[in-house]
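A.B. asks:
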Amino acid sequence: MTVPDVLGGPAAANLGAPLARANPVAKLAVAVAVSAALVLTVDVVTAGVALALEAVALPWCGLGPWALLRRGWIVIVGAVPAGITTAMWAVDSGAVLAGLGPMTVTEGSLLAGAAITLRVLAIGLPGVVLLATTDPTDLADALAQNLRLPHRFVLAALAAMRLFGVLAEEWRALTMARRARGVGDGGLGGRLRTLAGQVFALLVLAVRRATVLATAMEARGFGVAARRTWARPSRFGPADAVVALGGVALAALATAAGIAAGTWNLVLT
Amino acid sequence: MIAVRARGWGWRYAARRAWAVRGLDLDLEPGQRVLLLGASGAGKSTVLAGLAGLLDPGTGPDGSGRGSVDGTGEEEGALLLDGVPVRRARADGVREGHARTGLLLQDPLTQTILARCGDDVAFGLENHAVDREEIWRRVEVALRWVRFPYGVDHPTSRLSGGERQRLALAGVLALRPGLLLLDEPTAMLDPDGAALLRERVGEILDSTGATCVLVEHRVGQWLPVVDRVVVLEPGGGAVADGSPREVFAGHGTRLAEAGIWVPGVPFRPDRRADDDRRADVGRPDVGRPEAGSRAEPDRPADVGSDPENGPLLAARALAASPEPWVRRSRRSRREAESVRPAVRDVSLDLSPGTVLCVVGPNGAGKSTLALALAGLVAPVAGEVRAEPGLAVVDGHDAGPHPRRWRPRELVRRIGTVFQDPQHQFVATTVADELAVGPRRLGLDPAEVTARVDDLLERLGLAHLARANPFTLSGGEQRRLSVATALATRPRVLVLDEPTFGQDARTWAELVRLLLGTVRSGVAVVVVTHDEPLVEELVAHGGATVLRLRDGRPVPGAGAPGDPRPPHGDAAPSATPRRPDRAAAAGQPVDGSRIPAGEAR
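Note that the protein sequences, when read in sequence, are chains C and S.
Quick note: the first sequence uses my numbering, first residue 1, plus one each step.
Quick note: the second sequence uses my numbering, first residue 1001, plus one each step.
(1) At what residues does the alpha helix (DSSP H) containing S:Pro1191 begin and finish?
(2) State whether the region 121 to 139 of chain C contacts the region 14 to 23 of chain C, with contact taken as three or more CB pairs (one from each stretch) at a distance under 8 angstroms.
(3) Grouping DSSP H, G and I as helix and E and B as strand, with all else coil, what is C:Asp43?
(4) Return no unless some Cβ of chain C is closer than 8 angstroms to the Cβ of S:Leu1376.
(5) Using a Cβ cut-off of 7 angstroms, which residues of the region 202 to 215 of chain C contact any Cβ in chain S, in chain order?
(6) I believe S:Ala1099 touches C:Ala231 by the beta-carbon criterion, under 8 angstroms. Please report the beta-carbon distance rounded to the nearest angstrom.
(7) Does the CB of S:Asn1127 have a neighbour CB from chain C at under 8 angstroms?
(8) Can you tell me the Cα-Cα spacing of C:Gly187 and C:Val267, whole angstroms?
(9) Starting from the Cα of S:Leu1125, find the closest Cα among S:Gly1008, S:Thr1449, S:Arg1095 and S:Leu1513 and give me that residue.
(10) Which residues, in order along the region 1093 to 1114 of chain S, keep a beta-carbon less than 9 angstroms from a beta-carbon of chain C?
(11) Is the CB of C:Ala26 under 8 angstroms away from at least one CB in chain S?
(12) DSSP beta-bridge partners for S:Cys1212?
(13) Report the option in S:Gly1093, S:Asp1192, S:Ala1020 and S:Asp1227 whose CA atom is closest to the CA atom of S:Val1130.
(14) Give the residues of chain S in contact with C:Val134, contact being defined as C-beta atoms less than 8 angstroms apart.
(15) In terms of residue numbering, what span does the alpha helix (DSSP H) encompassing C:Cys61 cover?
(16) Within the same chain, show all residues whose beta-carbon is closer than 7 angstroms to that of C:Val34, passing over the 5 residues directly before and after it, in chain order.
(17) Mind listing, in chain order, the continuous beta strand (DSSP E) runs of no fewer than 3 residues lying wholly within the region 1444 to 1518 of chain S?
(18) With distances taken Cα to Cα, identify the nearest neighbour of S:Glu1216 among S:Gly1209, S:Glu1203 and S:Val1230.
(19) Give a yes or no on whether the minimum CB-CB distance between S:Gly1236 and chain C is below 8 angstroms.
(20) Would you say C:Phe222 lies against chain S (beta-carbon separation less than 8 angstroms)?
(21) Can you confirm whether S:His1423, when its beta carbon is compared against all beta carbons of chain C, has any partner nearer than 8 angstroms?
(22) With a threshold of 8 angstroms, are at least 3 pairs of Cβ atoms found where one atom belongs to the region 1341 to 1355 of chain S and the other to the region 1308 to 1321 of chain S?
(23) What does the Cβ neighbour count give for S:Phe1425, buried or exposed, with the cut at 16 atoms within 10 Å?
(24) Determine the contact status of S:Val1526 and S:Leu1515, defining contact as a CB-CB distance below 8 angstroms.
(25) Leaving out the 5 sequence neighbours to the left and right, which residues in its chain are closer than 6 angstroms to S:Gly1568 when beta-carbon positions are compared?
(26) Straight-line CA distance for S:Glu1433 to C:Arg179?
(27) Opposite S:Arg1012 in the DSSP bridges: which residues?
(28) Using only CA atoms, which one of C:Leu19, C:Leu97 and C:Asp43 lies nearest to C:Val56?
(29) Report the neighbours of C:Ala196 on chain S: residues whose CB is nearer than 9 angstroms to its CB, in chain order.
(30) Mind checking C:Leu97: buried by the 16 CB within 10 Å criterion, or exposed?
(31) According to DSSP, is S:Glu1383 helix, strand or coil?
(32) Which of the three DSSP states, helix, strand or coil, is assigned to S:Leu1356?
(33) Which residue from S:Glu1074, S:Pro1322 and S:Phe1500 puts its Cα closest to that of S:Pro1191?
(34) Closest to S:Pro1402 by CA distance: which of S:Ser1473, S:Ala1427 and S:Val1492 is it?
(35) Taking the CB atoms as reference points, tell me whether C:Ser234 and C:Asp141 lie closer together than 8 angstroms.
(36) Check whether the Cβ of S:Ala1319 lies closer than 8 angstroms to any Cβ atom in chain C.
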């Protein structure tokens, strides 16, 4: 009857750390500011400075290197191949360092590859920290109370996220049940058919579960257009403002460095 | 302490032709505790949802509130709480900070709303705009009321079904409803969890004086709590009403026929001449000449005399976990075990024509053991070994490890019936569903058709052959899921809670079916909380009982009535034996010996 915590939750993090303790909206602001700055440009200096500044702030996030790796491996898995591919295939410029047919690694393409890798890492890191140090319930509270997002959507999304764990378990039961029925070993076509059927069955079960969950929530007064109170106060204090402004400053510094070095280039143009 | 009044009330869900409830006239005095009975489909849950103010007919095409434009159905008549229409009563409650009604549903897993226990109880209070300090005070009180063993920060994902149900009850009670609505609240709990919840509900009703409407199949256990019984008929309103004694005296037989567990009315199975044949669908072809053909239906369990009939399946020092990652690292293994106890130290043999009942409280590892025996999860330690009597079918040896068999090999050897039948459905019609397994075996179409028709007829599903399995009733789905497992004539049949949530009629049919399957030489494993089922299987099927607690066999423990002395082995083990032949042959399996109704 247990549900795996698919969202991870902040199990491995030291939640007393100053940045981990910050209001989720402040952490979200950092992530948004950094992303906005880095989406605009692909260059080594801006991305590198942003990543370096993030690394400086990391000790206050309460995540050890091991915990960071466990939560953030997916970012590295995305960043490194993207960089390598760019280095091989990007528009060539500068001296040719290596080549094989149409694939050449030049100084220019190597720089572009490095920029891509640094950029993905710098954008990903604040997100990893946000997810690893924030309880989804706290995030929802902050979104509804501090950002004033409509609480019906925020709470419905929060409840639905818990349902994902239930569905993960349903999926395992479906997989075993299908094996017990003798299906799933008929070559690629058979497997795909089985998978399609299983996805459909999961959808049917998900709708059924969601209906019951909605009934349980409505039976406790959810959805009536009326004032609502919050059992858990979510406060956005001066310290949180400092964190958010720190994120904006980080983004500004990185952009300034890029412009100063002359490498900053607007991607959109 | 709310009075309920229904006048000609009816509800029809959008896109349904038939009215779920129609013409309901009902008056409940404040503080009355009413048991709502009726066959499945009689609209009991609809009445509860209606009372909770959750059925919304929308504004209607002409704004009259009668048709459905943005609502979920069509309403007629009136449904009032203390003279106020139900939907307005709900909205008033939200504004005033305490709910008129509290609704507790059946499924514990889906009713949990938030990730921490305290937040989950607080959810309703927040919606009712209760002040923060008052919220946490009421959360504490509500958790104490239901004797909740954990603090407010405990993660809800770690709760058992019974604990979840009590948490949901706390969330309802914190709103101080004057009318408590209970929709089969114990149907999915183990006996201990159910007893605890019933006891808490009784005490809370005593101390608050709240009015209560309860829907429940298993009547007997709740009788001490209720003082009035109302029987609904599909689309027909209330057809019987009175004290429990009056209603059961006057309508007991008819209620029993509708599948309700009526106290004191012995269940009467339909004594059709083909009862034994219906029960005998599980016959495997054990490689003998008449295998595959329909032998005469009522053969005694003579498979036991075959020299080749040693054990089919053996477990030795078996440990298993349902978590797929449990083997990968010590860290996650520790986490997995803290969340869900795996099963360990199990040694047993399954022989043809025997039954093993696996019992124990929720979380004891029963289902995990069943999955391991069925070749669906890999052992963490020890082994599950298929003996040649099971591994070799039609001259093909699939090897000794069921977990490594291909699905096609597995389905021919071990049949598994899951707790939720819907997990197992893979086809769009009942007939196709039954044909899936036989087709996977590569049988020729004529033989497939013959098997399907045979099962349809014997299990009383012939009139549903073209229906979609998902649209069947709970009892029909259960019978179908057992039939699909039997269609490939496996030599071992594993069932997880086969009687869960079933009405009395389906229950008796399942008992007959299982006994017939055992008698035909199949080794049957039944994981169950259902003590009457275990008693039946012990008395008429010579079942051995394996009791698990915290993932380990309880040494020397058997079910009440287990005729066999416990084994004296130093290591805890359960070694089911064949029932002795005289006993097996001498037990008619015709329902007349099944005191199902009495057991309730």
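Even glycine gets a Cβ: it sits at the ideal position worked out from N, Cα and C.
Source: prediction; values computed, not measured.
C.D. replies: Taking the coordinates as given:
(1) Against the second sequence, residue 1191 of chain S aligns to sequence position 191. Pro1191 to Thr1208 is the span of the alpha helix (DSSP H), which, as asked, contains S:Pro1191.
(2) Cβ pair count under 8 angstroms is three or more, so yes.
(3) Start at 1 with the first residue of the first sequence, and residue 43 of chain C comes out as number 43. C:Asp43: coil per DSSP, three-state reduction.
(4) On the second sequence, residue 1376 of chain S is found 376 positions in, with the first residue counted as 1. True, the Cβ-Cβ gap to chain C drops below 8 angstroms.
(5) The region 202 to 215 of chain C vs chain S, Cβ under 7 angstroms: Val204, Leu205, Arg209, Val212, Leu213 and Thr215.
(6) Counting from 1 along the second sequence, the entry for residue 1099 of chain S is found at position 99. Counting from 1 along the first sequence, the entry for residue 231 of chain C is found at position 231. Separation of the CB atoms of S:Ala1099 and C:Ala231 is rounded to 16 angstroms, and the pair is thereby denied contact status at 8 angstroms.
(7) Against the second sequence, residue 1127 of chain S aligns to sequence position 127. S:Asn1127 counts as touching chain C.
(8) Your numbering for residue 187 of chain C matches position 187 in the first sequence. Your numbering for residue 267 of chain C matches position 267 in the first sequence. So the two alpha carbons sit approximately 45 angstroms from each other.
(9) For this step, residue 1125 of chain S is matched to residue 125 along the second sequence. It is S:Arg1095.
(10) The region 1093 to 1114 of chain S vs chain C, Cβ under 9 angstroms: Gly1093, Val1094, Arg1095, Ala1099, Thr1101, Gly1102, Leu1103, Leu1104, Leu1105, Gln1106, Asp1107, Pro1108, Leu1109, Thr1110, Gln1111, Thr1112, Ile1113 and Leu1114.
(11) Residue numbering aside, residue 26 of chain C sits at position 26 when the first sequence is read from its first letter. No, no contact with chain S.
(12) In the second sequence, the residue the question calls residue 1212 of chain S occupies position 212. Per DSSP, S:Arg1033 and S:Leu1180.
(13) Translated into the one-based positions of the second sequence, residue 1130 of chain S becomes position 130. Residue nearest to S:Val1130 within the set S:Gly1093, S:Asp1192, S:Ala1020 and S:Asp1227 is S:Gly1093 (criterion: CA-CA distance).
(14) In the first sequence, counting from the first residue as 1, residue 134 of chain C sits at position 134. The sequence given here has Thr at residue 134 of chain C, not Val. Correct list: empty, because the minimum Cβ distance to chain S is about 12 angstroms.
(15) Along the first sequence, read from residue 1 onward, the residue named residue 61 of chain C stands at position 61. Counting along the chain, C:Cys61 falls outside any alpha helix (DSSP H), and DSSP gives it neither H nor E.
(16) Here the question's residue 34 of chain C lines up with position 34 in the first sequence. The residues Ala50, Ala122, Ile123, Pro126, Gly247, Leu250 and Ala251, in chain order, have a CB closer than 7 angstroms to that of C:Val34 in the same chain once the five nearest residues on each side in sequence are set aside.
(17) Complete beta strand (DSSP E) runs here, min 3: 1492 to 1496.
(18) In the second sequence, residue 1216 of chain S corresponds to position 216, counting from 1. Closest option to S:Glu1216, Cα to Cα, is S:Val1230.
(19) Within the second sequence, numbered from 1, the residue matching residue 1236 of chain S stands at position 236. No - not a single Cβ of chain C is within 8 angstroms of the one on S:Gly1236.
(20) Here residue 222 of chain C refers to the residue found at position 222 when the first sequence is read from its first residue. Output row for C:Phe222: interface = yes.
(21) One-based indexing of the second sequence puts residue 1423 of chain S at position 423. Output row for S:His1423: interface = yes.
(22) Short answer: they touch.
(23) Taking the second sequence and counting its residues from 1, one reaches residue 1425 of chain S at position 425. Burial of S:Phe1425 is indicated by the presence of at least 16 other C-beta atoms within 10 angstroms of its C-beta.
(24) Reading the second sequence from its first residue, position 526 is the one you call residue 1526 of chain S. Reading the second sequence from its first residue, position 515 is the one you call residue 1515 of chain S. Cβ distance not < 8 angstroms, so S:Val1526 and S:Leu1515 don't count as in contact.
(25) Here the question's residue 1568 of chain S lines up with position 568 in the second sequence. Below a pLDDT of 50, predicted positions are generally treated as unreliable, and S:Gly1568, at 36, falls in that range; no measurement from the model is reported.
(26) Residue mapping note: residue 1433 of chain S aligns to position 433 of the second sequence, counting from 1. Residue mapping note: residue 179 of chain C aligns to position 179 of the first sequence, counting from 1. Approximately 14 angstroms, taken between the alpha carbons.
(27) Your numbering for residue 1012 of chain S matches position 12 in the second sequence. S:Glu1074.
(28) In the first sequence, residue 56 of chain C corresponds to position 56, counting from 1. It is C:Leu19 whose Cα lies nearest to the Cα of C:Val56.
(29) For the purposes of this step, residue 196 of chain C is taken as residue 196 along the first sequence, with counting starting at 1. Identification of chain S residues near C:Ala196 by a Cβ-Cβ cut-off of 9 angstroms yields none; the smallest Cβ-Cβ distance measures about 11 angstroms.
(30) By 1-based counting over the first sequence, the position of residue 97 of chain C is 97. Around the beta carbon of C:Leu97, fewer than 16 other beta carbons sit within 10 angstroms, so the residue counts as exposed.
(31) Position 383 of the second sequence, counted from the start, is the residue given in the question as residue 1383 of chain S. DSSP, reduced to helix, strand and coil, places S:Glu1383 within a strand of the structure shown.
(32) Reading the second sequence from its first residue, position 356 is the one you call residue 1356 of chain S. If DSSP states are grouped into helix, strand and coil, S:Leu1356 belongs with the strands.
(33) Looking up residue 1191 of chain S in the second sequence gives position 191. Checked all of S:Glu1074, S:Pro1322 and S:Phe1500; the closest Cα to S:Pro1191 is S:Phe1500.
(34) As a working mapping, residue 1402 of chain S is identified with position 402 in the second sequence. When the alpha-carbon of S:Pro1402 is set against those of S:Ser1473, S:Ala1427 and S:Val1492, the nearest one is in S:Val1492.
(35) Locating residue 234 of chain C in the first sequence gives position 234, counting from the first residue. Locating residue 141 of chain C in the first sequence gives position 141, counting from the first residue. Yes.
(36) As a first step, residue 1319 of chain S is located in the second sequence; it is residue number 319 there, counting from the start. When Cβ-Cβ separations below 8 angstroms define contact, S:Ala1319 makes no contact with chain C.
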